[in-house]
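**Student:** Dropping the structure in here first, questions after.
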Amino acid sequence: MRSHFLLAAIAVTGVVGQLVTPKLNSLLYKQPLLPALPRGDGVSSLDQQKPMYSGQSSRQYIVREQNETVCDAGSRQWTGWIHVTEEKSLFYWFFESRSNPLNDPVMIWLNGGPGGSSMMGLFQEIGPCLTNEYQNGTKFNEHSWTEFANVIFIDQPASVGFSMVNNDTMGGPDNLREASQDFNKFLSVFFEEVFPGFSQLPLHIAGESFGGTYVPGFVEYISRRQQLGVPGTFNGTIHSITLVDAVIDILGSGALGQYDHMCQFENGENKKKFGFSKETCAVFEPAVPECERLNRQCLDTYDGNICRAAYIFCAEEIVSSIDPKPGGRNPYDDRILCNGTLPLCGIGSYEQQYLNTAHVQDALGLDHWNFSSVNYDLNSRWTASNEIFLPTTRELTYILDETPTRVFVLNGNNDIVVSTEGQKRVYNQQPWNHQAKYRMEPYVTWSWPDRSGKRHKGGEFKGPDDKRELVFASVDEAGHTSPADQKEAVAYLMKWWVNEGDGSALSQVLGS
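In mature numbering (1 follows the signal peptide of the UniProt record, and there is no 0), the protein residues as written are -17 to -1, 1 to 495.
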């Protein structure tokens, strides 16, 4: 099978060269760093939280407090590792809320891939600091999700980003079940042993791109074990999940959605600046019904070989025309051409250089770690195991029908690889008890206010009934990394969501 682009990543088959074997410094012998001071009137957890100094470690975890020389956060921050097995350690970067950390909800952020580091989300999208234009420092992000939530960025599966397998970046899970087991262990140790003061706060989990596989899979795994009373299961309540330009059906939102997105014509002209010509669309059109048929087989069977065969057909017949190349179409944003490092057209390059600097790695407690925004070896192994082609629609059905966890879907309207048109198709067809009601619900406009109070159209919105069990919102002028493209608008929407999506606030979101 030839190489394809990532879901920030999707499925790239390729192997990176030999990496320098990294070693953790002994954190217990480091001089403590000064705590990061909150800006404004934020309430610090200084007297509430267990890890009060840099360099605390145990057999289960390592935790180290950071300061603003590494990330200009405006609140307290910690980095470290949770040892989920004898061989595997998952890296985290945890930021307190700038507002009220003792009462604000907790948000976990996961990037996709498989193999994508969540440092992309931290330093390019929703984190309290963003890498500067020189890639040698950070700048304050006033629209960070830490304005209203405590946020944890996790590199997973093991071997991705700063996470490790036997102190290296080779190996790690190549399937959803093993990754789910590790994530469950991470949550248990993090909230029971490292930061127990945050364990009673509402917990939300967001996943971007291939995070549409991770997040529903992890939550379904944990929820089933909780209901069965399995020992060792994380015992907290997961209030909601947010799927950001995320795939639960790789062909529905991918190949089929790409045809819908790129072949929209009005008065003889394509609505999309870099859309397909009529002639190109005519070539692809006959493949759409067969792609739909093969995708139904994949969704019905959950068979890796069937899903792989469906993906290969649809990719070769439809998707191949959007393979990223310099100056070509950008699969992650239809407004711009592909420039920068392939296959991500530059996504992830900024934080990669910064996180490989000596002063950052020394602060984290690392010695010559070769940080990469994407672990292509792990990506290849998920592809070889067929796990990358499997949907998570069954997992989402379980979450919607059998758990109290609410589901929020966000999608950039300029995304090609996970198009809004495809996502509408996918979620209208998503099986659950209220599918019929959801499908019939009309889309309405949502809006957000700028600092002057002027409201701006944000995109489309739908979510039937007051429970808001499944809510869909598209984001105008945003590509695959929609929280980065529309920081203020998406942060406004997310603040509404984590505050339980109450009806009074909804009237403001849907205001004009």
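No residue lacks a Cβ here, since even glycine has one placed at the ideal position from N, Cα and C.
Nothing here was measured: the structure is a model prediction, and the numbers come from that model.
1. Taking the alpha carbon of LEU85 as the reference point, which residue from GLU70, GLY442, GLU51 and ALA132 has its own alpha carbon closest?
2. In terms of residue numbering, what span does the beta strand (DSSP E) encompassing PHE455 cover?
3. Report yes or no: do the region 184 to 200 and the region 224 to 231 share at least 3 C-beta pairs separated by less than 8 Å?
4. Using the Cβ count rule (16 or more neighbours within 10 Å means buried), how would you classify GLY(-1)?
5. Nearest-angstrom Cα distance between ASN362 and GLY287?
6. Should GLY462 and GLY240 be called a contact, given that it needs their Cβ atoms to be closer than 8 Å?
7. Pop quiz: ASP384 and ASN416 are said to be a contact at Cβ under 8 Å. What is the actual Cβ separation, rounded to whole angstroms?
8. Alpha carbons only, please: which of ASP360, CYS328 and PHE267 is nearest the one belonging to THR152?
9. Please classify residue 502 as buried or exposed, where buried requires at least 16 neighbouring CB atoms within 10 angstroms.
10. Quick check on the burial criterion: 16 or more other C-beta atoms within 10 angstroms. Buried or exposed for ASP345?
11. Use the C-beta contact count for THR220: other C-beta atoms within 10 angstroms, 16 or more gives buried, fewer gives exposed.
12. Have a look at SER58, PRO179 and SER465 and flag the residue whose alpha-carbon is nearest the alpha-carbon of SER82.
13. GLU249: buried (16+ other C-beta within 10 angstroms of its C-beta) or exposed?
14. Measuring CB to CB, does ALA472 end up less than 8 Å from VAL481?
15. Rounded to a whole number of angstroms, what is the C-alpha to C-alpha distance between GLU443 and GLN491?
16. Tell me, which residues are paired with ARG389 by DSSP?
17. Does the beta-carbon of VAL302, which I'm using as the reference point, lie nearer than 7 Å to any heavy atom of the ligand ZN?
18. Leaving out five residues before and five after ASN421 in sequence, what residues of the same chain have Cβ atoms less than 7 Å from its Cβ?
19. Given a threshold of 16 other Cβ atoms within 10 Å of its Cβ, counted over all protein chains shown, does ARG276 qualify as buried or as exposed?
20. According to DSSP, what are the bridge partners of LYS71?
**Tutor:** In this structure, then:
1. Against the sequence shown, residue 85 aligns to sequence position 102. Considering only alpha carbons, the answer is ALA132.
2. One-based indexing of the sequence shown puts residue 455 at position 472. Counting along the chain, the beta strand (DSSP E) containing PHE455 begins and ends at 453 to 458.
3. Touching, yes, given that three or more Cβ pairs across the two stretches are closer than 8 Å.
4. As a first step, residue -1 must be located in the sequence shown, where it is residue number 17. With a pLDDT of 26 at GLY(-1), under the threshold of 50, the modelled position of this residue cannot be trusted; read the value that follows with caution. For GLY(-1), the number of other beta carbons within 10 angstroms of its own is below 16, and it is reported as exposed.
5. Walking along the sequence shown from the start, residue 362 turns up at place 379. Walking along the sequence shown from the start, residue 287 turns up at place 304. In this structure, the straight-line span from the alpha carbon of ASN362 to that of GLY287 is close to 16 Å.
6. Indexing the sequence shown from 1 puts residue 462 at position 479. Indexing the sequence shown from 1 puts residue 240 at position 257. Judged by beta-carbon spacing, GLY240 lies beyond the 8 Å limit of GLY462, meaning their Cβ atoms are not closer than that value.
7. In the sequence shown, counting from the first residue as 1, residue 384 sits at position 401. In the sequence shown, counting from the first residue as 1, residue 416 sits at position 433. In this structure ASP384 is in contact with ASN416, their Cβ atoms being roughly 5 Å apart against a cut-off of 8 Å.
8. In the sequence shown, residue 152 corresponds to position 169, counting from 1. Nearest C-alpha to THR152: ASP360.
9. The shown model of the chain, from -17 to 495, leaves out residue 502, and the question about it has no answer.
10. Numbered from 1 along the sequence shown, position 362 holds the residue referred to as residue 345. Within a 10 Å sphere around the beta-carbon of ASP345 sit fewer than 16 other beta-carbons, which makes this residue exposed.
11. One-based indexing of the sequence shown puts residue 220 at position 237. Counting Cβ neighbours within 10 Å, THR220 comes out exposed, since fewer than 16 surround it.
12. Counting from one through the sequence shown, the residue named residue 82 turns up at place 99. The shortest CA-to-CA distance from SER82 to any of SER58, PRO179 and SER465 is the one to SER58.
13. For the purposes of this step, residue 249 is taken as residue 266 along the sequence shown, with counting starting at 1. Burial call: exposed.
14. If you number the sequence shown from 1, residue 472 lands on position 489. If you number the sequence shown from 1, residue 481 lands on position 498. Not in contact: ALA472 and VAL481 (Cβ atoms no closer than 8 Å).
15. Numbered from its first residue, the sequence shown carries residue 443 at position 460. Numbered from its first residue, the sequence shown carries residue 491 at position 508. Take the alpha-carbon of GLU443 and the one of GLN491: they are about 14 Å apart.
16. In the sequence shown, residue 389 corresponds to position 406, counting from 1. Per DSSP, SER223.
17. This structure lacks the ligand ZN, and indeed carries no ligand of any kind.
18. As a first step, residue 421 must be located in the sequence shown, where it is residue number 438. One detail in the question is off: residue 421 reads as Tyr in this sequence, not Asn. PRO447 and LEU453.
19. For the purposes of this step, residue 276 is identified with residue 293 of the sequence shown, where counting begins at 1. Looking at its Cβ environment, which holds fewer than 16 other Cβ atoms inside 10 Å, ARG276 is exposed.
20. Taking the first residue of the sequence shown as 1, we reach residue 71 at position 88. Residue pairing by DSSP puts LYS71 in a beta bridge opposite VAL148.
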